[in-house]
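Oh and the sequence shown: position 14 is 203 in our numbering, straight run, nothing missing.
Ideal Cβ positions, reconstructed from N, Cα and C, are used throughout, including at glycine.
Predicted model only: the values in this text are computed from it and were never measured.
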Amino acid sequence: MFDFIFSPLQKGIQLMRQERYAEAIEFFTALAIKKTREPEAYFNLGRCYFKIGRYQEAKENLLKVLD
190 MFDFIFSPLQ KGIQLMRQER YAEAIEFFTA LAIKKTREPE AYFNLGRCYF
240 KIGRYQEAKE NLLKVLD
């Protein structure tokens, strides 16, 4: 109902808490593209990919947090 008040990061976190990982990935990916140095986007992308068993993509995104 009030989705317009959430930032993409907040919306992605909300979806992740609801275990809607594929949808959360879309929000975090958009944020990472828009703001290339957004460590929270990459961290949460890594978490989502890990939860759905896509471990290589999880690793790649988590490593970007350290860059």
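Query                                                                                                         : Result
Simplified DSSP state of isoleucine 222, which is helix, strand or coil                                       : helix
Classification of lysine 224 by the beta-carbon crowding that lies within 10 angstroms, buried from 16 upward : exposed
Beta-carbon proximity list for isoleucine 202, same chain, < 8 Å, skipping 5 on both sides                    : Ala213, Asn233
Same chain only: Cβ atoms within 6 Å of phenylalanine 217, ignoring 5 sequence neighbours per side            : Gly201, Ala230, Asn233, Leu234
For methionine 190, the three-state DSSP class (helix, strand or coil)                                        : Residue placement at methionine 190 is flagged as unreliable, the pLDDT there being 45, under the threshold of 50; the coordinate-derived value follows with that caveat. It is coil, neither helix nor strand.
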